[in-house]
Amino acid sequence: MQNTVILIVAGYMLLMLLIGWWSSTRISSNEDFMVAGRRLGPLLMAGTLAATEIGGGSSLGVVEKGFGAWGLSASWYVTAMGIAFVILTFLAHRFRAAEVKTVPEYFRRRYGPLSGAITAIIMILPLIGLTAAQFIASSAVVSVMLGIDYKMAVLGVTVVVTVYAVMGGLWSVTLTDFVQVFLIVFGMAAALPYALDMAGGMGNVAANVPEGTFDLFKGIGPYKIAALVIMYVASFTVGQEAVSRYYAARDGRAARQGSIIAAIVNFAYAFIPTLLGIITLALINMNRIDSGLILKEGPKYALPHLAMATMPAVIVGLLFAGILSATMSSADSDLLGAGSIFGNDLYKTFINPRASSGRVLNVTRVTMVVIGLLAGAVAYFNVGNIITLLMFSFTLRAAGSFFPYVFGLYWKRASEAGAVASLIAGSAVVLMMEHRKALVLDFLAQKGLSHPVLLGLMDEPILVGLLLSLVVFLLVCLILPSRRNSTELAIEE
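For the sequence shown, the residue numbers in the working numbering are 1 to 493.
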């Protein structure tokens, strides 16, 4: 079996490298590299948008949650992404019309260089964490598949993803994503009938899992679902790996259509990894598979072990290729986002304003290599939970920048002073809540303020960060409104 699996996955990874090489022949400027020449139609845009956001947290992470306390409600993690894409359809044409390459470029041209610099910094740091999260998930699969040490798998994944992303930029990422989105959905779906057959059907599965496992709200209530949707809308709006797809669409109509198709893909995919996690739990409870085999490296490794123990080699190969597609398609986008921001918004703007397009392109590529190595180091020493890492990275970058971005599209009085204040306030409160949560809870208890609503907000720093960001942004803009009195972006040479 192992040889067949290795051949399938090795063929898939070789195909990704070949696409990266071919895409590199179509790169003639940093705009081609960063936004694919703004030529993506709705299908290509939808494929790359869906594949980018369906990552390790939406495959291994959701399987882990479905296997554990969440049950069927783990599907909300992906369903909420689809809802977010539907909401973003109403902003898609505005994103495309801005004619920018990065989010910090929008801030710089709308508000000024200071807000652009701050945005660039708070965008790059979480992208390292997001890239590392995908490297962790990919390496988990490779280590099980080849029976090699996890840390050796990290080294291999880091090299492959970094090489093909650096070669072709967004052209490479888009084309590989288009292939990967099919492998993600169909590779994971192909595993379902085999797992169900081993369990003896869905009736047996339901009879051998805890009561409430198939409750859509077992592990997550309406409040947390709303918080997830808000987090995704805010993060996708200002996340370079997501919004760059809207920038790259050939026009506003293609951007809207691509967003809707990506939402449909998310809705279809949401229940596949969730059900695989539930079936794995049932098989363990039925003693059909060895719980020690499934859990020997922790529940996030449950799906690869289940596949190796129960499925034919070809299906295992397709499944592993699908999981690798999910994680690698997100990792390359995060890597490209970080490199684009450094090259376009830090190097070109502050370090070497006279740099040519070719020079900026080279710097972007070098930066991607450095970021890839940093993310690989984070993954190499990994001890954390995939979804927790993703959520924190989403929250950090979105909290302070969402409202300045959206208000800047429509409100003429939105000012640089308000944007800077919002960026600092939103990011600071998220960092404080994540790292000083115990102190805040003790303070609330001492003051007699341990109200359920306040305690609930402590578990959702994105809501607190967004609320504070909004208040600060509006107050400062009303006191110090923009002198330009326009939503038009400044023209840069």
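Glycine residues also receive a C-beta, built at the ideal position from the N, C-alpha and C atoms.
Keep in mind that this is a model prediction, so the values were computed, not measured.
Asked, Found
"Between P452 and the rest of its own chain, which residues show a CB-CB distance below 8 Å, the 5 nearest in sequence each way excluded?", "Because P452 carries a pLDDT of 49, less than 50, the predicted location of this residue cannot be relied on, and the following value inherits that uncertainty. Nothing listed; no residue qualifies."
"Just tell me which of V233, I323, R109 has its CA closest to the CA of V185.", "I323"
"What number of angstroms, rounded off, separates the C-alpha of V243 from the C-alpha of K218?", "32 Å"
"Measuring only the C-alpha atoms, how far is R288 from T364?", "51 Å"
"If you run the structure through DSSP and keep just helix, strand and coil, what is L40?", "strand"
"Can you list, in chain order, the residues of its chain with a C-beta nearer than 6 Å to that of P304? Leave out the 5 residues immediately preceding and following it.", "V141, V144"
"Output the residue ranges of the alpha helix (DSSP H) runs that lie fully inside the stretch 169-224 and measure 4 residues or longer, sorted by chain position.", "202-207"
"Mapping DSSP to helix, strand and coil, what is A69?", "coil"
"Quick check: the stretch 411-427 against the stretch 463-476, are there 3 or more CB pairs under 8 Å?", "yes"
"Under the assumption that Y232 contacts A84 (Cβ atoms under 8 Å), give the Cβ distance between them as a whole number of angstroms.", "4 Å"
"Helix, strand or coil: which one does DSSP assign to M490?", "According to the sequence shown, residue 490 is Ala rather than Met. Coil."
"Considering only their Cβ atoms, is the gap separating R250 from R38 smaller than 8 Å?", "yes"
"So, for Y247: in the same chain, excluding its five sequence neighbours on each side, which residues have a beta-carbon less than 6 Å away from its beta-carbon?", "V35"
"In whole angstroms, what separates the C-alpha of G252 from that of Q180?", "25 Å"
"Counting pairs of Cβ atoms below 8 Å between the stretch 103-113 and the stretch 323-333, do you hit three or more?", "no"
"Could you pull out every residue in the same chain whose Cβ sits closer than 7 Å to the Cβ of V157, ignoring the five residues on either side in sequence?", "F135, S138, S139, V142"
"My guess is that T102 and Q240 are in contact by the Cβ rule of under 8 Å, so how many angstroms apart are they, rounded?", "6 Å"
"Terminal residues of the continuous alpha helix (DSSP H) containing I122?", "113-146"
"Beta-carbon within less than 8 Å of L431's beta-carbon, same chain only, minus the 5 sequence neighbours each way: which residues are those?", "L396"
"Assuming V370 and N30 are in contact, meaning their beta carbons sit under 8 Å apart, how far apart are those beta carbons, in whole angstroms?", "So it is not a contact: roughly 17 Å between Cβ atoms."
"To the nearest angstrom, how far is it from the Cα of I278 to the Cα of G317?", "21 Å"
"Under the assumption that V406 contacts T237 (Cβ atoms under 8 Å), give the Cβ distance between them as a whole number of angstroms.", "7 Å"
"Among P299, A98, L60, which residue has its Cα nearest to the Cα of G68?", "P299"
"Using 8 Å as the threshold, is the C-beta distance between G169 and I284 below it?", "no"
"Less than 8 Å between the CB atoms is what I'm expecting for A398 and T131, so what's the real figure, rounded?", "So it is not a contact: roughly 17 Å between Cβ atoms."
"Which residues mark the beginning and the end of the alpha helix (DSSP H) in which R96 is found?", "92-97"
"For P481, I'd like the list of residues in its chain whose CB is within less than 6 Å of its CB, leaving aside the five on either flank, ordered along the chain.", "R413, S415"
"Which residues in the same chain as R96 place their Cβ atom closer than 7 Å to its Cβ, once the five residues preceding and following it in sequence are excluded?", "Y246, Y247, A249, D251, G252, A255"
"Using a threshold of 8 Å, state whether the C-beta atoms of A282 and V205 are closer than that.", "yes"
"Looking only at C-alpha atoms, which of R484, W70, L335 sits nearest to P126?", "L335"
"Let me confirm a value: T4 is counted as buried when at least 16 other C-beta atoms fall within 10 Å, else exposed. Which label applies?", "exposed"
"Tell me, please, which residues DSSP counts as bridged to A249.", "L40"
"When DSSP labels each residue in this structure, what does G55 get in the three-state scheme?", "coil"
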